[in-house]
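This report refers to the structure that appears directly beneath it.
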Amino acid sequence: MIAAIFLFIIAGLAEIGGGYLVWLWLRESKPFSYGLAGSLILVAYGVIPTLQTFPSFGRVYAAYGGVFIVLAVLWGWLVDRKTPDVYDWVGAGICLIGVSVILWAPRS
Numbered sequence: 145m146i147a148a149i150f151l152f153i154i155a156g157l158a159e160i161g162g163g164y165l166v167w168l169w170l171r172e173s174k175p176f177s178y179g180l181a182g183s184l185i186l187v188a189y190g191v192i193p194t195l196q197t198f199p200s201f202g203r204v205y206a207a208y209g210g211v212f213i214v215l216a217v218l219w220g221w222l223v224d225r226k227t228p229d230v231y232d233w234v235g236a237g238i239c240l241i242g243v244s245v246i247l248w249a250p251r252s
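So for the sequence shown, our numbering puts the first residue at 145; every next one is plus one.
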C-alpha cells in the first residue's frame, strides 16, 4: 500500500510539475528550456503509473485521478499561494475516499 501511494504521489508531482513548466513557458514567456524540461517530465509521468502492481489500467488511472486532485489543491496552495477553502478540502477528502474504495474494496 505504501509503494502504491508513493507512486501515485510521484506521478502527480511529475504531471503537475511538468505541466506547470510548460504553462510557464507558453503563458508566462519563460525560456524554451522550461517547455522542454516540462515535456520530458510529462513523458516520465506517463511511465510512472506503469510501475503500479495493480493489474487494471482503468482502475489505476481512476484512483490516480483522486490523488491528482489532492496534489493539485496542495500545489495551488504551496506554489501558487492560493489558499484552499473548506470546499476544496472537502472535495479533496471525498476524492481520497473514492481512491480508497476503488483500490482496496474487497472484490471476488
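Cβ coordinates follow ideal geometry from the N, Cα and C atoms, glycine included.
### Message
Considering only their Cβ atoms, is the gap separating residue 175 from residue 167 smaller than 9 Å?
### Response
In the sequence shown, counting from the first residue as 1, residue 167 sits at position 23. In the sequence shown, counting from the first residue as 1, residue 175 sits at position 31. Cβ atoms of residue 167 and residue 175: not closer than 9 Å.
### Task
Specify the secondary structure class of residue 249 as computed by DSSP and reduced to three states.
Looking up residue 249 in the sequence shown gives position 105. Residue state, collapsed to three classes: coil.
#### Entry: Reference residue 206; option with closest CA among 227, 182 and 248
Looking up residue 206 in the sequence shown gives position 62. Selected option, being the one with the closest Cα: 248.
### Query
Which first and last residues belong to the alpha helix (DSSP H) in which residue 159 is found?
The count along the sequence shown starts at 1 and reaches residue 159 at position 15. Residues 146-171.
### Message
For residue 223, tell me which candidate among 242, 210, 147 and 157 has the shortest Cα-Cα distance.
### Response
Residue numbering aside, residue 223 sits at position 79 when the sequence shown is read from its first letter. Comparing Cα positions, the closest option is 157.
### Task
Would you mind sorting residue 159 into buried or exposed? The rule is 16 or more other CB atoms within 10 Å of its CB.
Residue 159 sits at position 15 when you count from the first residue of the sequence shown. Burial call: buried.
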